[in-house]
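Visitor: Numbering (the working numbering), first residue to last: 98 to 220. Don't be surprised by glycine CBs; every beta carbon is placed ideally from N, CA and C. None of these values were measured; they are calculated from a predicted model.
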Amino acid sequence: MLHITLDEESGIATFKPDDSLSEADFKKAVHMIDPYLNKSKKLNGLIIVTKEFPGWKSFAALVSHLSFVKDHHKKIACVAFVTNSSIANLAEPIASHFVSAEIKSFKYNELEAAKTWIIESNQ
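1. CB-CB under 8 Å to V158, same chain, minus the five flanking residues each way: which ones, in chain order?
2. Take E217 as the anchor and find which of F178, F165, G142, G152 has the nearest alpha-carbon.
3. When DSSP labels each residue in this structure, what does S164 get in the three-state scheme?
4. Going by Cα to Cα distance, which pick from G108, T111, M98 is closest to K154?
5. Taking the C-alpha atoms as reference points, what is the distance between T111 and Y205?
6. Considering only residues of the same chain and omitting the five flanking positions on each side of K125, which have a CB-CB separation below 6 Å?
7. With distances taken Cα to Cα, identify the nearest neighbour of V166 among S202, A211, I145, D104.
8. Less than 7 Å separating the beta-carbons of K113 and H100?
9. Please report the straight-line C-alpha distance between I184 and F150, rounded to a whole angstrom.
10. When burial is assigned at 16 or more other CB atoms within 10 Å of the CB, is G152 buried or exposed?
11. If F221 and F178 are in contact, beta carbons under 8 Å, what's the gap, nearest whole angstrom?
12. With distances taken from CA atoms, which of S161, I173, E207 is nearest T147?
Below, the structure is given as structure tokens:
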């Protein structure tokens, strides 16, 4: 399951998966994020918090994830990976070729530093 919080004051969404990602997780993300984007036109940041990357439940879940990225990447200024997973080291350079957001990785215990980075990057 993907736990999603949206701080409308700071314009930061936080995604915390606790299991493999599913199609329903990305439908839920769209349902929460899109109404905010309709009002504000952009999200200052997206923080993905997970000790280890959980993967996807199915190929359809992966496709839903890629679709979410394709439909939203131009509306998100910054993406912070807060994780101890080595996949963050790969995600940063690879994703930068496909998304317009600025991307940065943080250790799992550096959630507040990630929030500060997003806020400062959007001033």
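Guide: Answer, in terms of the structure:
1. Note that residue 158 corresponds to Ala in the displayed sequence, not to Val. Answer for A158: S117, L118, S119, E120, D122, F123, listed in chain order.
2. G142
3. helix
4. M98
5. 13 Å
6. none
7. I145
8. yes
9. Approximately 7 Å between the Cα atoms of the pair.
10. Counting other Cβ atoms within 10 Å of its Cβ, G152 stays below 16 and is therefore classed as exposed.
11. Outside the shown range of the chain, which is 98 to 220, sits residue 221, and nothing can be said about it.
12. E207
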